[in-house]
Amino acid sequence: MNMMTGVSPWERLIRPDRVHGSLYTDPEIFEAELKNIWYRTWVYVGHESEVPNANDYVVKSIGPQSVIMTRDEQGKVNLLLNRCSHRGNQVCSFERGNARSFTCPFHSWTFANDGRLVGYAFPDGYEGQDKAQLALGRVTRVESYRGFVFGSFAADGPTLKEHLGGAAETIDRLVRTSPEGAVEITAGFLKHRVKANWKFILENECDGYHPAFVHTSIFGVADSMIGKLYGGASTALTRDYGNGHTEIDLRPEFRKRDAPMSWFGTSEERLPDYTTRMKAAYGDTAAREIMIDGTPHVMIFPNLFIAEIQMFVIQPLGVDDSVQHVTALQFKGAPDLNRRLRQQTMGSVGPAGFLLADDSEMYERCHRGVLARNPEWIFLGRGEKRQRQDELGFTVGHVTDEVPSRGIWTHYRKLMEPN
Amino acid sequence: MLSRESSATLMSAITAFLYREARLQDEHQYEAWEQLWTDDGVYWVPANGADIDPERQMSIIYDNRSRIALRVRQLMTGKHFTQTPQSNLRRLISNIELMDEQPDDGDIAVASNSLIFESSLRDDTLWAARNEYRLRHVDGELRMASKKVILVNNDKAIYTLSFLV
Chain A
17 MNMMTGVSPW ERLIRPDRVH GSLYTDPEIF EAELKNIWYR TWVYVGHESE VPNANDYVVK
77 SIGPQSVIMT RDEQGKVNLL LNRCSHRGNQ VCSFERGNAR SFTCPFHSWT FANDGRLVGY
137 AFPDGYEGQD KAQLALGRVT RVESYRGFVF GSFAADGPTL KEHLGGAAET IDRLVRTSPE
197 GAVEITAGFL KHRVKANWKF ILENECDGYH PAFVHTSIFG VADSMIGKLY GGASTALTRD
257 YGNGHTEIDL RPEFRKRDAP MSWFGTSEER LPDYTTRMKA AYGDTAAREI MIDGTPHVMI
317 FPNLFIAEIQ MFVIQPLGVD DSVQHVTALQ FKGAPDLNRR LRQQTMGSVG PAGFLLADDS
377 EMYERCHRGV LARNPEWIFL GRGEKRQRQD ELGFTVGHVT DEVPSRGIWT HYRKLMEPN
Chain B
7 MLSRESSATL MSAITAFLYR EARLQDEHQY EAWEQLWTDD GVYWVPANGA DIDPERQMSI
67 IYDNRSRIAL RVRQLMTGKH FTQTPQSNLR RLISNIELMD EQPDDGDIAV ASNSLIFESS
127 LRDDTLWAAR NEYRLRHVDG ELRMASKKVI LVNNDKAIYT LSFLV
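Protein chains in written order, with my numbering: chain A, 17 to 435; chain B, 7 to 171.
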């Protein structure tokens, strides 16, 4: 890639209705993405409910980097880099646990779970050394929104709330599905690896054009109502919230059905305990509205996908190597709903899921496909002429239109272009 | 305890059953494979270890009998793209052991190891697993009442697993 021509290479590669195939396959572009996206903007890391008690920790990631999310003795959530400040050894080799400190196995340097260096072996060799200079590295900024913990390596920049912008409301909507107003991430993760660029995953999450075709095998044999949501006659919408966040808004279809819990293919009668708790928490009218509207289908750029009943976290490891971490969403105070959410999630997603095995096949075939350089472009023009602004000023289109992809690439270009 | 002779006969029948199951899986004979299950069969591929509680934690597969049937029906459509074209497969089954000849519920507990070579559009992939079965005689034939497949690398990120494991 020639950075010396004066014309922004990104302007050449990213057009309003098309993007260049090399954006998915060029290793130099992948390295630039790590620098300008993954190691700069807000990235979802983990959920506060994964470290409920003092000294709990869980190992997460930002791109290829291993990040330890801890809750220290004061109850504060920290995002520490899993790298000894001495010679770089990983200080934590377990996926989760409860520990006040991490001792590096190499030379026995010990760090408190808030990152402070508390001791090293044979300290007489370190006369006059200020331990504060040798703490574990940490993600520069940590903020959470309704329990979802994000990290940014940039010292300055938008706050998390500014970054989420209009999409924050989708998370508000999500937590209202709980009678106690909180999501819990407690069911463990499936980790599904694909030999494909991470942006094929990112763009597919709010692509409403593919389900009728990619998922025809399961819609044909299962008693699924999903297919109709993504048909030509659907009134569901695609939405671009800006900042790369995109949504498929299925509420227009669910409101037409006017049946609580229909969004999840069930009914109030089958979830009596949940229904009672929701009505007690929100009142009959609001509970009914929440239970008709259902949970959002929203892709928070660049890596948090809330897919109605489950949550995906996208992790890029290399230009053609990505992992989808996925778990069932669990709603505090909703045990009967949660059980069904786990069962449905296990059937649908992960390496052997009825839906995700086929989605992931598409990611891998697309990746191999774009290695061919003619045509050079990925065409993203669907619905460009019929998109419009909604009442809040966000761009919306038909559920099958490519409003989300265009929104993602507009934001991507802003991040990648030199400031 | 079974006599030595009847134990050898049982072992031989079990071995033949496991080899047959392996061949049906390798050759994508989905309906014949489905016939190997009892009516209450459970097909379980845990994630993140061998001993998670599948009622509380995510598994890669945790199918009751009707979901096994759904899995087979999806494969039969010919439009399950991850298996269209089908993976080329061959697996070795070994270390077959009778773990408990006559447990309380009358099923036969059997374990084996498997090593599976998969060649698909993506690449060639090697899978390895511990398999734990509960087998039952139904109308004189052995059937699977449960099969638990503990992938050696089930704590890591794994590629799509859309063939019958």
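Built from N, CA and C at the ideal position, the CB exists for glycine as well.
The three-state secondary structure of A:Q360, taken from DSSP, is helix.
When DSSP states are grouped into helix, strand and coil, A:R162 belongs to the coil group. Residue burial is scored here from C-beta neighbours: A:L95 has at least 16 other C-beta atoms within 10 angstroms and is therefore classed as buried.
Residue pairing from DSSP places A:Y60 in a beta bridge opposite A:F166. The C-beta distance from A:S109 to A:V134 rounds to 19 Å, too long to fall under 8 Å, and the pair is not in contact. Among the CB atoms of chain A, one or more fall inside 7 Å of the CB of B:K85.
For chain A, the residues of the region 151–170 of chain B that bring a beta carbon within less than 8 Å of one of its beta carbons are D161, K162, A163, I164, Y165, T166, L167 and S168, in chain order.
A:H208 sits in a strand when the DSSP states are folded into three classes. Contacts with chain B at 7 Å (Cβ-Cβ) include A:P367. For B:T131, no Cβ of chain A is located within less than 7 Å of the residue's own Cβ. Among the CB atoms of chain B, one or more fall inside 7 Å of the CB of A:M362. In the DSSP assignment, A:P139 forms no beta bridge with any residue. Considering only beta carbons, the part of the region 38–55 of chain B lying closer than 8 Å to chain A consists of V51, A53 and N54, in chain order. Only V230, T232, S233, I234, G236 and V237 from the region 224–237 of chain A bring a Cβ to less than 8 Å from some Cβ of chain B.
In the structure shown, the three-state DSSP call for A:R271 is helix. The C-beta distance from B:T44 to B:A151 rounds to 5 Å, short enough to meet the 8 Å contact threshold. Taking a contact to require three or more Cβ pairs closer than 8 Å, the region 193–201 of chain A and the region 57–77 of chain A qualify as touching. The region 391–400 of chain A makes contact with the region 413–423 of chain A; the number of CB pairs closer than 8 Å reaches 3 or more. DSSP places A:S117 inside the beta strand (DSSP E), whose first and last residues are S117 to T119.
For A:M315, the uninterrupted beta strand (DSSP E) run begins and ends at H313 to I316, by DSSP. For A:D352, there are no C-beta contacts with chain B under 7 Å, since the nearest C-beta of that chain is about 13 Å from it.
By the CB criterion at 7 Å, B:I58 and A:P367 fall outside the cutoff. In the structure shown, B:I20 falls within a helical segment according to DSSP collapsed to helix, strand and coil. Counting other Cβ atoms within 10 Å of its Cβ, A:N129 reaches 16 or more and is therefore classed as buried.
In terms of CA proximity to A:L345, A:I325 leads the group A:G334, A:I325, A:D352 and A:V335.
For A:G113, no chain B residue has a C-beta closer than 7 Å to its own C-beta; the minimum C-beta separation is roughly 14 Å. The residue from A:V165, A:A115, A:G79 and A:L287 with its alpha-carbon nearest to that of A:D88 is A:A115. For a Cβ distance threshold of 7 Å, nothing in chain B lies close to A:R286: the least Cβ distance comes to about 17 Å. Excluding five sequence positions before and after A:P43, the CB atoms of its chain that fall closer than 6 Å to its own CB belong to V335, given in chain order. Inter-segment contact for the region 207–222 of chain A and the region 29–46 of chain A is present: three or more beta-carbon pairs are separated by less than 8 Å. Using a CB distance cut-off of 7 Å, A:S376 counts as an interface residue toward chain B. Around the beta carbon of B:E37, a 10 Å sphere encloses fewer than 16 other beta carbons of the protein chains shown; the residue is thus reported as exposed. B:S125 sits in a strand when the DSSP states are folded into three classes.
In chain order, I234, V237, A238, G363 and F370 make up the part of chain A whose C-beta sits under 9 Å from the C-beta of B:L76. Chain order gives the chain A residues near B:R79 as V237, where near means a beta carbon separation below 7 Å. Listed by position along chain A, the residues whose Cβ is nearer than 7 Å to that of B:Y68 are M362.
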